[in-house]
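Comments concern the structure below.
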Amino acid sequence: MAIKKPYFSLYEIALLSLCAALIVVLNTTFSLPLKIPGHTGIYWVVPVIIGVGIVKKPGAGTYIGFVSGILATLFGLNTLHIFNLIIYLALGTMIDLVGLLFFYRLDHPAAGFVAGAAGNLAKMVVNFALQTFLGIPAVFIVIGIGAASISHFIFGGIGGIIAALVLSRLLKSGVITRDEA
Amino acid sequence: MEFRTRVGLAFVLLGCFLGGMVALGTFGEVLFPQSTTMPTPGILIDQVVTKAGFQYGPQSWRPSYDPLGIYPGKDVLDNETWYLMFIDLNATPVSGDPNVKRIGSVRLTYNFTDLSGRAVFHVYGLTTGTIPTRTNRQVGYNNCGFVVMGNATGGSSMPAATPLVISGSHQYRIAISNNLLADSDDLTSTTRTLWFNSPQSGQGSLHITPSLSKRMGAVTETTDQNGSLYVTATGGDPGNALLLLVAVDRPQPDGFALRVRTEFVRMS
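In C-alpha cells:
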C-alpha cells in the first residue's frame, strides 16, 4: 500500500514551527520604545517571510500564523487573547498570497518589502475589525487610521527588506537553494 | 506577467489601500458619526476660583517631560510670562469598550468675570499604576487647546504666585486651587502629582474640543467670556483624575473670577 506523502515534510514542519516560535520570542524579548503604531512589524514579519521564502508552498505562512497565534494566546501576549489567532493567521495568509504573487522570490528586496508591508497591514486591519466587533465605537478606530496605516506600511516593509536580505544571504551561501521544497 | 510588473502592481494596490485609509481617517468622523450622547444627571463640580488661585508663575512653560509652551501650537517662548492654576475637575473622560465601561466625555462650562488678556485651558489626566500623566498635545498633528480673550484692565501683581521649578525627575507635585481634597495617594492632600517618562509621553489620548464632532480636539480662540468645551479621551483614558490648567498671560484685576462646572456626557 502506497504511503500518502504529507503536504509538508517533517523538515518543513520543523522549520515553520521554529519560525512561528521565533515570532513569539521576538515579541516577548524586543521592546522598542518607539510608541508608533505597527512598529513591531519591523521584526514580526521577518520569520514569516523567511519561512515562506524557504518552504515555497502555499499554506506555509498560514501555518506559521496558526502556530504563532496559538502560542501568543497561550502566553497572553496581548489583550485580545484567543482572537490573537485570527490576527496572526491574517498576517501569515497575506504573506502566503504575496509569496504566490511573486513566485516565492521573497529574497528580492522589493518583493520582501511588499510582503512585509502587506502582512503588517493585514494584521492592522484584522486587529481594528476585531476591536470594532468587540464593541469599540468605529469612530475611535477610524480616527488616526491613516497615520497608523502608513506606519504599518513602513515598518512592515522594512521588516520585509530585512527578511529578503537574510534569505538572499542564505541563498548565496548555499544554505538553501532556489528550488528547495 | 513579469516579476517587475507584479512588483509595480503590488505597490499600486498598496498605494490605493493607503490612500483609502488616509481618506477614512480624514473623513471618519463624518462617515461614522458619534452615536447619541446624553449628560449624566448632576454637576460634578460647580466652583468659583479667584485671582488667589494662581499659585504658579510668572513662567513661560507648563509641565511635561520637557517643558511645553502654553499658547496652543507654540513652543516655549521665553519672553512670555504666564500665571498658572490647577483645578481638579472631579471627573474623567472614559474611552474603551462600551460593553465594560460607561464611556463618555467631560463637559466643562466656564464663566469669566473681569478677565484681562488671554486665558488658556489645558488638561492633565492622572493615571493609575505605572502609566504616565496624560495631557493634550501642544504642537504638531492633532494639537489642541482653548483660548479665551478678555478685555478687562489688568491688575498690578499676582501675590499668590511663585514660579514652578523645572523638575529633573520629570515629576511635579502641584497644588490644586479648588477645594477638592481627596487624592488617591493621600486623602487629605491638596496636591496632585504629574509625572512623565519620555518626551511626548501621554500627548495623544487626551483632547480639548469645542464640539464632540471633533473628538481629537481642536485649537479654539474665543472672546466669549461664558462658554463650554469638552475633554475627550481616545485610547487609554486617564482613569484617576482630571486637572484643568488655567493660564493667564498677565496679572489679573482684583475682581477676577472663574466659575467652573463639569458634567459627564455619556456616549451610548
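Chains A and B, in that order, are what the protein sequence lines are. In terms of my numbering, the first sequence opens at residue 1 and continues consecutively. In terms of my numbering, the second sequence opens at residue 1001 and continues consecutively. Where a beta carbon is used, it is the ideal one built from N, C-alpha and C, also for glycine.
Quiz item: Would residue 48 of chain A pass as a contact of residue 23 of chain A if the rule is Cβ separation under 8 Å?
Solution: With respect to the 8 Å criterion, residue 48 of chain A and residue 23 of chain A are classified as neighbours on the basis of their beta carbons.
Exercise. Assign residue 1001 of chain B to buried or exposed, taking buried as 16 or more other Cβ atoms, counted over all protein chains shown, within 10 Å of its Cβ.
Key: With fewer than 16 other Cβ atoms within 10 Å, it is exposed.
Exercise. Report all residues from its chain with a CB closer than 7 Å to the CB of residue 1046 of chain B; omit the five preceding and five following residues, and keep chain order.
Key: The answer, listed in chain order, is 1261.
Quiz item: In terms of residue numbering, what span does the alpha helix (DSSP H) encompassing residue 32 of chain A cover?
Solution: Careful: residue 32 of chain A lies outside any alpha helix (DSSP H) and carries neither H nor E.
Quiz item: How do the region 1077-1089 of chain B and the region 1135-1154 of chain B stand: do at least 3 beta-carbon pairs fall below 8 Å, yes or no?
Solution: Segments in contact, no.
Practice problem: Starting from residue 1082 of chain B, follow its DSSP beta bridges and name the residues at the other end. | Solution: In the DSSP secondary-structure assignment, residue 1082 of chain B is bridged to B:1059.
Practice problem: Taking only beta carbons into account, state which residues of the region 1195-1207 of chain B come closer than 9 Å to chain A, listed in chain order. | Solution: Taking 9 Å as the Cβ-Cβ cut-off against chain A, the residues of the region 1195-1207 of chain B that qualify are 1198, 1200, 1201 and 1204.
Quiz item: Quick one: what does DSSP say residue 105 of chain A is sitting in, helix, strand or coil?
Solution: Coil at residue 105 of chain A, not helix or strand.
Practice problem: State the beta-bridge partners of residue 1110 of chain B as determined by DSSP. | Solution: Answer is B:1227 and B:1260, bridged to residue 1110 of chain B.
Quiz item: Looking only at C-alpha atoms, which of A:40, A:169 and A:13 sits nearest to residue 109 of chain A?
Solution: Nearest option by C-alpha distance: A:169.
Quiz item: Would the beta-carbon of residue 1233 of chain B fall within 8 Å of that of residue 1126 of chain B?
Solution: No; because the gap between Cβ atoms is not below 8 Å, this pair is not in contact.
Quiz item: Per DSSP, what kind of secondary structure is residue 127 of chain A in: helix, strand or coil?
Solution: DSSP, read as helix, strand or coil, puts residue 127 of chain A in helix.
Exercise. List the residues of chain B that residue 118 of chain A touches, going by C-beta distances under 7 Å, in chain order.
Key: The contacting residues are 1014.
Practice problem: Kindly indicate which three-state DSSP category residue 1170 of chain B falls into: helix, strand or coil? | Solution: Looking at residue 1170 of chain B - three-state DSSP - the assignment turns out to be coil, as it is neither helix nor strand.
Quiz prompt | Min CB distance residue 101 of chain A to chain B below 8 Å | solution = Between residue 101 of chain A and chain B, the shortest Cβ-Cβ separation is below 8 Å.
Quiz item: From residue 1144 of chain B to residue 17 of chain A, what distance separates their C-alpha atoms?
Solution: Computed Cα separation, rounded: 48 Å.
Practice problem: Return the first residue and the last residue of the beta strand (DSSP E) that residue 1221 of chain B is part of. | Solution: In the DSSP assignment, residue 1221 of chain B falls within the beta strand (DSSP E) that extends over 1219-1222.
Quiz item: Hey, is residue 1006 of chain B's beta-carbon within less than 8 Å of any beta-carbon in chain A?
Solution: So, interface residue.
Quiz item: Quick one: is residue 1254 of chain B buried, meaning 16 or more other Cβ sit within 10 Å of its Cβ, or exposed?
Solution: Looking at its Cβ environment, which holds fewer than 16 other Cβ atoms inside 10 Å, residue 1254 of chain B is exposed.
Quiz item: What does a CB cutoff of less than 8 Å around residue 1229 of chain B pick up in its chain, not counting 5 residues either side in sequence?
Solution: Cβ neighbours of residue 1229 of chain B beyond the five flanking positions: 1107, 1108, 1110, 1121, 1146, 1208, 1209, 1210 and 1220.
Quiz prompt | Assigned exposure category for residue 1223 of chain B - 16 Cβ within 10 Å defines buried | solution = The residue in question, residue 1223 of chain B, is exposed, as its Cβ has fewer than 16 Cβ neighbours within 10 Å.
Practice problem: Look at residue 1196 of chain B and residue 1133 of chain B and say whether their C-beta atoms are less than 8 Å apart. | Solution: Yes, the Cβ-Cβ distance between residue 1196 of chain B and residue 1133 of chain B is below 8 Å.
Self-check item: Beta-carbon neighbours of residue 33 of chain A, restricted to chain B and to distances below 9 Å
Solution: Result: 1198.
Quiz item: Is it right to say residue 183 of chain A is buried, meaning 16 or more other beta carbons lie within 10 angstroms of its own, or is it exposed?
Solution: Because chain A here runs from 1 to 181, residue 183 of chain A falls outside it and cannot be looked at.
Practice problem: Leaving aside the five residues before and after residue 64 of chain A along the sequence, list all residues of the same chain whose C-beta is less than 6 Å from its C-beta, in chain order. | Solution: Once the five neighbours on either side are set aside, the close Cβ partners of residue 64 of chain A are 16, 19, 20, 48, 51 and 92.
Quiz item: Over what stretch of residues does the alpha helix (DSSP H) that includes residue 151 of chain A continue unbroken?
Solution: Start and end: 145-173.
Self-check item: Any chain B beta carbon closer than 8 Å to residue 138 of chain A
Solution: Yes, because at least one Cβ of chain B sits closer than 8 Å to the Cβ of residue 138 of chain A.
Practice problem: Using a threshold of 8 Å, state whether the C-beta atoms of residue 1057 of chain B and residue 1083 of chain B are closer than that. | Solution: Going by C-beta atoms, residue 1057 of chain B is nearer than 8 Å to residue 1083 of chain B.
Self-check item: Extent of the continuous beta strand (DSSP E) run through residue 1126 of chain B
Solution: Where residue 1126 of chain B is concerned, the enclosing beta strand (DSSP E) stretches over 1116-1126.
Quiz item: Where does residue 1135 of chain B land, buried or exposed, given buried means 16+ other C-beta within 10 angstroms?
Solution: Buried, since its Cβ has 16 or more Cβ neighbours within 10 Å.
Quiz item: With a cut-off of 8 Å, does the C-beta of residue 1025 of chain B fall near any C-beta of chain A?
Solution: Residue-level contact check: residue 1025 of chain B touches chain A, since one or more beta carbons of chain A fall below 8 Å from its beta carbon.
Quiz item: Do the region 149-157 of chain A and the region 113-132 of chain A make contact, defined as three or more Cβ pairs closer than 8 Å?
Solution: Contact between the region 149-157 of chain A and the region 113-132 of chain A is present, because at least three Cβ pairs lie under 8 Å.
Self-check item: Buried versus exposed call for residue 34 of chain A [16 or more other C-beta atoms within 10 Å across all chains shown]
Solution: Burial call: exposed.
Self-check item: Nearest-angstrom Cβ-Cβ length linking residue 1194 of chain B and residue 1063 of chain B, presumed shorter than 8 Å
Solution: That belief holds up - the Cβ atoms of residue 1194 of chain B and residue 1063 of chain B are roughly 5 Å apart, short of 8 Å.
Quiz item: Taking buried to mean at least 16 other C-beta atoms within 10 Å of its own C-beta, is residue 1276 of chain B buried or exposed?
Solution: Nothing in the structure corresponds to residue 1276 of chain B, since chain B is present only between 1001 and 1268.
Exercise. Measuring only between beta-carbons, confirm whether residue 121 of chain A sits less than 8 Å from chain B.
Key: So, interface residue.
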